[in-house]
Structures are given as C-alpha cells and as structure tokens.
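The next block holds one structure in the form of structure tokens; read it before the comments.
Chains as they are written, first to last, in our numbering: chain A, 1 to 347; chain B, 348 to 694; chain C, 695 to 1041; chain D, 1042 to 1388.
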C-alpha cells in the first residue's frame, strides 16, 4: 500500500515496450536530432492543436527552471504559490537556471493563486530598480494541494500577467491529471488560456524519464537549445525520450492513466470522507487526497504498512489541526492496485 | 556504416533486460533512495576496491560540471586540454555549475596535458586576486583525440595538482575504453593515481542514460546531494539508473563492451594505415580512429553511406593538412557490426 | 526639510578634509595595498577590540551580498526579516553574489526576527536535498523599521545559528546608530554577541562612499580578496576609502554623528507623539521615525516642502491603517538642521 | 619615480574641487537621480555628439562586466584579445556579471585583434548548441600592450560583429589616451565606428572613482538600472560621481590630462630607444611604454627607486627575450613629474 507519490510506481508496459522497440534500430542520430523525437514533437503539436516547440529534459525541476530562464532575467521576479514546487521543493534550482531570479511565493488556502494576490504583492514593487523586475507568473496546474485550476482561473491570471508585461508559466508535473479532471481539451487549459510555456510532465504518469519544456510562445524557444545543453539536460540518446513520448500520447494512454489515478483518488477521498473521524480539508480534484486523520488511525495505518507522507499543517492555515490529529497526503497512480485503496479504506 | 559517435548506437540487450526487470517490482523509493541504486554504489565500490560515493546524473556534461562544482569556487580556474569536452563541447555548462569559474585550455599535440604546460600557465598567475584561483586540473582519460593517459601521466598531474592545492578531476566519458586499453585495474588509473572525482560514463558504452559522478575524496561528496538536486539532475525514478549500473558492471560487461570497441578501432586503424593514401596522425589507443584522407577517398566513402565527422584540422598543428586532404574521426562502438569495418576498409 | 533618507545629506567636513589630505601624497599603492587602508583596518580592529579583517567595497548592497557569499553556498538558505534590505531592497543582489541562494524572509511586527520564528521556518526543512541547506541568519542591527536589536537578542539568534550550523551576518548599514542607541561597546553587539560577518556602513553617516565587509570569523576572509575583485568591488584607488575610514573613526566622529542623528529622531518622535492626530506605531530607537499621519496633515507637510517617504502599510499588520491615514518614514541625519525638525513639528 | 600604473597617482585638483563644491549643497537626491549626474550625462552626450545613456559604476571591472551582461547571454561567447583585461585581469568578473559566458582570448602580437582572427575562431563553432553562441566582440581601445586601435580597425571589427549578429564592446579604461593619440573626435572611435557599449574610464586619468557604462545602442540600456543595482554598483551618493564627470569633461580636462601622459610616454620611449642596450618591441601609442631591458640596467633602475612592473614575456612571442633581458612596462600619468622621466632616462 504505497501512496507516497506517483513516482514510486514504475513504467507503463506500453512505454517499456516502446523503449525496447526503439532499441531495435541499429543507429539513431544523437542529441535530439533523431526521428523519434521529431515525430514526438509533431504528435504533441497535434495533441495541443497548435504549433509548438518541445524540448525533452531529465526532470521536472529542470523543466521548470529552464522554462523560466527563457522568460525571466536574473534581475527578475517570479510570482507563484507559497507551496509551489519551484518555491519549496527544488533546492534553488530555479535560481540556478535563471541566474538568480527571485521566486516570490504568495499564500492562499487551496494551493492556487489569484490575480488579486499578485496585484497586492506588486504594490510593494514601488522602489524602481531596488525591486526585481516582475517577469513571470508560475502556476502548478494540478496544485501541490491536489486542486486543479479552472480554465477561467488560468485566463484571469494570464490577463493580469500580460497586462503587467509578465509571462505565464505552467508547471504541468501532473498536466494529464488536470486535463482528465477538467475534461477539457489540452489546448483549453494551456495556450488558449494564455500559457506561454508548459513543463509537461510524464514521469509521474507512467514514463521512465520524460519531462518536456513546451513553448507555445515560439519566441521563447529561439535560443533554447543552448539553454538545455548548458543545463546538462541534452541526452545523447534523446531517442529514448522521443519513444516514450510517442507511446505516452498514442491512443490517449496519457489521459487513460490519469483518469484511472484520478478515479482511485476520488474513491479514496469519498471513502475517507464517510468516516466520522476523518476530514478532507481540501477538495480532491485530481490524483492526490489530503486528509486530517486522528493520530490513532494514522498509527494504525502505518502499522499496517500503508506508506504516505505527513504534510505541513501550515497549509491548513491557523487553527487547522488539533493536537491529536495528523495532516497527510495520499497520492494515487495509474498503477496503484484498486485493492490497495480498498484495503486502506477498510483499515 | 555509422561511425559518427558511440552514442548513435543503442542499449546493450543485458542493460535493456535489467530495465525491464526493475520494472517488475511494483514500487521503489524515489529520488535515489531505492535499493537498486544503493546496490549499484556498493558494486561500483567493489569494482574500484575502495570506499566511494556515486551520484547518478543525466548526462556527461552534467557529471563534469557538477563534479567540478564540488572542487572549484566561482572565482577559481580549471586547467584542461584546449580540446577538452569541458572547454569546447559543453556550451558554458561548467561555468553554470561552478557559478562562473574559468576553464583554461592548454594546447598539446595529442589531446593530453602535461605538468609542464600547467606550470607554464600558472606562471601567468602572478597578479594575486586579479587572477582566478587555481583550483582544479581536469583530464579526459580517453582523450578527445583518441589517446589514453598512462597511469604514470595521471600520477604526475596529480602530484602537481596536489602541490599547488588543486583537485584532480577525470572526465571518464569513455572510462571503460581507457581501462580496457591500459589493461590495468580501475583503481590504478583513478584513485590510486590521485584522482579525486571521476565522471564515470556508461551511456556511450551501452547504457541508455547513465552517467555518474564518483567521488574518491569523500569530503567532496558532503553536500553533493544538494548540488545534484539544484542542478535538476536528480531523477525521481533513479532506480532505472541503478538497474543500468548493476547490469553494466555485472560480469565485466562494461569492459567486454569496451574491449570490443577498442578492438574494432584497432582493426580499422591498422587497415587504414596500410593504404598509401591515408595517414593516421594520432595513435589509436581506444575506440576512436583519427585519419587524414585524400578528399577523393572521403567523397567516395560518404557516397557509399559511411557516416563520420570531419574534425578540426587545428588539432593537427600548423602545416598538418594539405589542400586536398580531410581530417576525420571514426568512432567504434560495442555494437558496431564487424562487417561495417570490413566494408569501410574495402572502400 | 529633507527626511527622505540619511543618504540625501553629504560628506562630513572632516571626512572631506581627509580625502583632500590623502590627495596630497604623490603616489599610493593601488588595489587596497596602500598604507591608509592598512592603517584603517588596524584602527577598526582597535575600535572592535579584536583581530578582524576589513574589506572596503562600494555599496551596502555589495557588502551584504559579498559577506553572505563567504558563508552561504549557492544551494543554501539565508533567514532574515521579511522587510530586510537583503530581501526586498537589493534587486536580487544577494542571489547574484551567493550564486543563487534563497533569501527567506520571516514576518514580525517590529523589524526584528527571533529564534522561534527561524525554528518554525526550519520545521519546513524536512525534505532533505529538496530544501536548500540552512546556511546563515542575517539581521539588520538598526532594523528597516527603526528599531535596534539588543545584545541579548543578537546572542539568542547567534546561539540558534550556531546550533544549526549556520553563520550569523549583521547588516550594519546604520551600525553606528545602533551602537549609539545601545550605549554599548562595538564589540558587545558584534563579535561578542556571536556575529561572524558585519556589513559596516559609513556612507549614510557622513562618508562619501565607504562600506566595509568586516569578518570576525577570520576563516571567512580566506579567499575574500578574490570574491571582492570578482564582484567588481575592488577600487584601484582604495586609499580614498582608507582615508575616509580613518577620519570616520578618529576621535569617535562616527558615534558623534550617530548620536546627533538619533537625538534629532528622538526629538521629532516625541514631538509628533504629542499631537493627538499622530501615532508612532514603532518605537524610535535610532535615527528613523515611523509615524501614522492623517492624510490632511500629510498633504500639508508635503505642500510645505517636507520630503519623506510613504512606507508600506503592510508593516503595520492587519487593520493598522485607517482610510484617511498615511504611514510614513522620516530619517534623520548627522547633518539634518535642527531647525528643520522644529519647522516640521510646527507644521 | 613611480611608473607602476596610472592609478598610483591621485585626483586632479579640479576634480577634487568639484567634489568639495558638490558637498556644499545641503541635500541631493540619492541613487543616481540627482541633478549633477543628470547634467553629467547630458555633458557626455554633448562630448560624443549623440544620444546616449550613461551609468556610473565603481570600477572598470564592473563597467566591463555589466556592459557585457547587456549584450551577452549566459550561454554566449565573447571574443577578445588573449591579454585583454576582461580575459586575464578581472578574476572571473565578466563570468559573474554575464551569468557564465565564455571569454575567448585570441592571440596577436600587438594587443589588437583583427577580423580574420575572430573568423578563424568562429570556424570552430560548428557544433550547434554544443558551442556557446557568439555574442560579442570586446576590444580595449588603448590596448593592454600600449597600442591604440585606429578608426579603420574598429570599423572592420564592427562590420564583422554586425555580420555575425554580435555586439561590439569597447573597454575604454584609457579611452581619453586613445582619443588624444588618434586626434579624432570621441564619436569617430566609438559609435561612428560601430561601438555599441563603451566602458568609459576616468579613474586612471585623474578621477577618484569614476567609471561609466555608456550605451550608444539605447536598447541595451533598457533594463540596465536593474543590472547595476543587482551588481551592487549603484552608489547612494551618485552625485559625487556626477560631479567628477562634470569636472573631468569641463574645458577638455580629460584630453589635456591624456595628452600630457601620452607626451611623457613618448619622451620616455624615444629616450629609451636611443640607448643601444634597450629595445622598444611595441610601438608607444598612448601612455604606456613597453621595453626590453638588460637585467643589469633593470637592477640598477630598481635600486635607484624606480617602480614599474615586469611584464609577461609571452606577449613578445617565441624567442622574444634573451636570458639576461627583462620585459617591463612603464605607465605615465597626467600627474607624473617630468623630472621623474628625466631622472629615469639619466639612469
């Protein structure tokens, strides 16, 4: 019963099969100029229904940092949620790739930021060059608190960003889960909503190592091959990323995986909500379930071998947690066995 | 007939099988704390016969930059060969990871640097803090010109580096080829010769994506998990690197692959040398063959579908190339078909 | 009536005289090796009663960034107040000099941070290398809100910093004002209280361009000449900084200036507090007065030519400001005419 | 007899007087918004006969690094002479300010670079994103070897730079000496010859601390206030730089000073050339004299108290120096006493 993260699970069989198939060809061009990668970019453009540029990189952290580096100067500022991955989970990596930009986290109860919060933060930017230059807004579409931005919310943020001369970056580590949750077209929640650059994650959702920086604003892509190479992120055998991407997108596998994970999360969340002793303080909108458990139950679950993380009670706001309560996160994956969810609920 | 690089070839079947096997386990710990990666580190320590720390990263470029960042401050200088990968093939990546250190390339005819050349460069460091601080020597053990450092040569460089308070980094993108060529123990050409940090490459020699920073000087490893994370180089599913490493080292596969590639290079080099019209200006010591071809022959080979790179005639020194000659590089891989070598030689 | 900042005033006549005197010698050694600078360092060591290293730089921003760079790695974190100069007034300069460290501002009502706040922030650092490494605490001794740390407060922070393996940096842009306010020895509020590195500012208090990084922890000074040079902060004619420092410290000029400025601030603060319509929400402990004015009065003062800054009402906390009120800052300088204070109070 | 550098001498009396005069005004706006600095920019624009933007900074090193940062991305390359100040005298400072760009020094006998040398270097840039992106050419107008670029030479470099999409930066640490030597208008050797950004130095030629980044390409100036602030280079009391600049430019003081220094250099150079035992291997075109002395004479001069630097014999090329010879540099300043030159020549 492992609910620690979606990345504790492995590679989807179809993606593993694609890696093997790619290995049958004797030789490929190196460094991203192979046919598989080219075809993957075309396929992705088809999925999004627009012209775009795709750059595969090693990790989501690298995708975020490199994407931001294309829109944020070293003397710039990025606005994001206080719990955003780029703010608190990437060990100064955005600072490395942008050359020292400032990541400014704003607080909110549900993992999302709203235009008013950024506007309030911008009010403090009244000291000319003594402040950094506001340069980008970054949002995590399936947020770090398990909620999902609506199309309207993204559009509102995009409108503000544009009005203030900032770019809009979307961290899509769980992009598929968001699209599955919203039931919209991928375009709706991305470029049609004003997103300039997307970190398109696949590793959590069934790939082995597949994260891509996707530019809808093609100007941002201009020198990006240099940025990726300099970041130590250009695989010599990029073909194995192209192969994963093709399999991931083929026949909607990516959305199928996401729908399954989201569905399991819904089952778990609803099951937990029925218990008197358990609270679900945040809506379960994708594949993560946040719950407040009595400590006794928590200890029982762990004793039974359930693996999941304690989460920072700060996210709950003041007075959110009683002495004998624990705030925890369960993550559901495309590969989580249904029985595990059932077993947990029984406990 | 593809001799462009060793990385145009794919993944060795045993390594692909290991990836599949790793995928059979339902779940693994993420971010490098899985058992496969731990076992891989132990296995590598066994291969080198010493205590060491191993950190898997995405690319050789990242391995070099991150390894250097642990021994070179931003105000430091690194001495290497003028044609070293870190100097001319990594798009300012060492500068990124070290925070702006200076990479100083010294010239020599055979891809190797010698203590005297570094000492001469150091003579110019007489301006106190107006010069950067000499901090490291970096050598590519199988050099960018196909030669291989001897144990004695590495020891001499190490002695100089130590005497001057500098660390010694080894770029081992083709470490296996060097060990196979020298017929020595891995320890002899690395830590026993004074190497502090090694970029241990496996991708060119049969892995899918497997490069590791290996520290023999354990102090350098202290904060390295932070550096790797910040560099966007920590895979969530590191287990697939651990699996590759275990398979790569099992039963000497890594040396077997290297020996095969080196052997093919020897065959090709000796075959070419027999032609009157072809010169082999650099000794073929590992899996790369450098040759000077008459332009007519070059065109004939290309017309026949042989793929390989022109190389910079500057490496040959002044007067090294006649008007109607071309300087080229052939790289042999563990997977290059013998018939391709024969076919090329026939042409 | 200019209360905008202490740096709108000029250079103290004795310091200007010292610059002229230094200009009478025909030649001096360049780049910090002159006698004036050496003597200034000795004099400063005498003032602090300890061995120390002094490095003159151009600006307070540079002093802070460079001092931090000696104790904080690029993957590190610095804890400071949310309104600290390094957090919000230096346009990512600490990020530049440290190579991308994270500056983490914690909130408090009076411009000071306390151990408990840092301990609470550190609780979130439970994700290993996904968090940056806690590396330093930075405090502004005369805070951005006009308060002054007591010796006991600094000692408590130092104890926590040491316990957590962090260094303690003090931004002393108004160090003289703090020492004058506390009536203690310079040593008491610096190295004896556990400060490792001090940005010793003199420009606001009567110098032309004189800020110094002072290391009490001599290990931090080891490679600092490199850092300063690399930062573009090594004046060729450093002698004119040495001369300023000698004059600034001679016969206690620095404290005399600070006492005068502090005294004027006290006069202004007490005078304002007597008005029914004015509130002084923060204690006036050095040379800055923070006041809440009725908008009508504010407009009257400005019409009369009084120059001062609006300040962010966020510092007052929630509900701190009524609709028709303005939050403002008055800064008093060693050179502010007494009549200006009187004139303002009359208005 | 101090010929070590022009910066061993002090501040010209007229500039010192201007500093005092500026100190008479009670208050000034801070951070570069004062009237003196505005007027200085206008005055400089008049001197150059064009619209321009001027940004005062602390040091020539900062001026170079910051100017380059506006035209060179972190993944870019700068071409300069192998002995250029930015390449070998600034301790990785250009790397800091550009975020890690590569400074590529090309060799030549007289301190100047020519288009053909850059073109040859560019031939090696054939590996796409594995090479950095060629972004700027940087030349030192009065070179580190005492020669001066002609207008035609600068135009030729500018034409190449433009053709290759690169900017042209001029290090004008001794810009006045070049203009005095060429007898041209300042415009001729700068923007009319295609220079985009100029480091305009005044400290060596009579100022106390006055270096300015001057942009002729106004687009480069757009965000430059941020860059300067972030670099820790924005003085709070910038007025004292404005005052120096106004005095420096008033009545042609800057050129008068330079002409005097150049004239002394000519006298010394011609005097030395008359001695049988002394060689002048590089033409004396500005205020620096490079000479090859017999060691016996060298020792005699030093015993007599003459101060000057040994210079790297590498600049002379192979076979340039006999066993018993010394290669040295004498620098003449606006303030060097004529008698010192005479005294040296007598020796």
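All C-beta atoms, glycine included, are put in the ideal place defined by N, C-alpha and C.
Let me know the secondary structure DSSP gives residue i once reduced to three states.
i	result
residue 143/A	coil
residue 1105/D	helix
residue 383/B	helix
residue 1213/D	strand
residue 23/A	coil
residue 198/A	strand
residue 187/A	coil
residue 2/A	strand
residue 1088/D	helix
residue 1253/D	strand
residue 1387/D	helix
residue 334/A	coil
residue 102/A	strand
residue 784/C	coil
residue 1126/D	helix
residue 748/C	strand
residue 1059/D	helix
residue 252/A	helix
Between the Cα of residue i and those of the options, spot the shortest distance and give me the residue it belongs to.
i	options	result
residue 381/B	10/A, 26/A, 48/A and 129/A	10/A
residue 418/B	391/B, 394/B, 446/B and 431/B	446/B
residue 1205/D	1144/D, 1382/D and 1178/D	1178/D
residue 345/A	295/A, 271/A and 283/A	271/A
residue 845/C	885/C, 815/C and 937/C	885/C
residue 1134/D	569/B, 436/B, 440/B and 421/B	421/B
residue 548/B	185/A, 261/A and 236/A	236/A
residue 507/B	521/B, 468/B and 534/B	468/B
residue 553/B	597/B, 518/B, 412/B and 614/B	597/B
residue 1362/D	1378/D, 1319/D and 1342/D	1319/D
residue 1168/D	665/B, 658/B and 684/B	658/B
residue 255/A	293/A, 176/A and 283/A	176/A
residue 1154/D	1237/D, 1337/D and 1196/D	1196/D
Any beta carbon from chain E within less than 8 Å of residue i's own beta carbon?
i	result
residue 436/B	The structure shown contains no chain E; its protein chains are A, B, C and D.
When the Cβ atoms of the region 1043-1052 of chain D are set against those of the region 710-726 of chain C, are three or more pairs found closer than 8 Å? yes
Quick one: any contact between the region 397-417 of chain B and the region 555-570 of chain B, if contact means 3 or more CB pairs under 8 Å? yes
Entirely within the region 948-993 of chain C and at least 3 residues each: give me those beta strand (DSSP E) ranges in chain order. 982-988
Touching by the beta-carbon criterion (3+ pairs, under 8 Å), the region 1256-1269 of chain D and the region 1079-1099 of chain D: yes
Can you list, in chain order, the residues of the region 1153-1179 of chain D whose Cβ is nearer than 7 Å to any Cβ on chain B? 1165, 1168, 1170, 1171, 1172 and 1173
Interface residues of the region 732-749 of chain C facing chain B [CB-CB below 9 Å]: none
Within the chosen definition, does the region 936-951 of chain C reach the region 987-1000 of chain C through at least 3 CB pairs nearer than 8 Å? no
Just to confirm the assignment: which complete beta strand (DSSP E) runs, minimum length 3, are found wholly within the region 798-837 of chain C? 827-834
Going along the chain, which residues of the region 890-913 of chain C sit with their C-beta nearer than 9 Å to a C-beta in chain D? 897, 898, 901, 902 and 903
Would you be able to state if there are at least three C-beta pairs under 8 Å between the region 1213-1226 of chain D and the region 1169-1177 of chain D? no
Using Cβ-Cβ distances below 9 Å, what residues of the region 526-545 of chain B are close to chain A? none
Report the residues of the region 219-231 of chain A with a CB closer than 8 Å to any CB of chain D, ordered along the chain. 223, 225, 226, 227, 228, 229 and 230
What residues in the region 1103-1117 of chain D bring their beta carbon closer than 7 Å to a beta carbon of chain A? 1114, 1115 and 1116
Select from the region 92-108 of chain A all residues with a C-beta closer than 7 Å to any C-beta belonging to chain D, and list them in chain order. 99
Chain A contacts made by the region 699-714 of chain C, where a contact means CB separation under 8 Å: none
How about the region 322-331 of chain A and the region 626-639 of chain B: do they share at least three Cβ pairs that are nearer than 8 Å? no
Cβ contact check for the region 946-965 of chain C and the region 455-462 of chain B: 3 or more pairs under 8 Å: no
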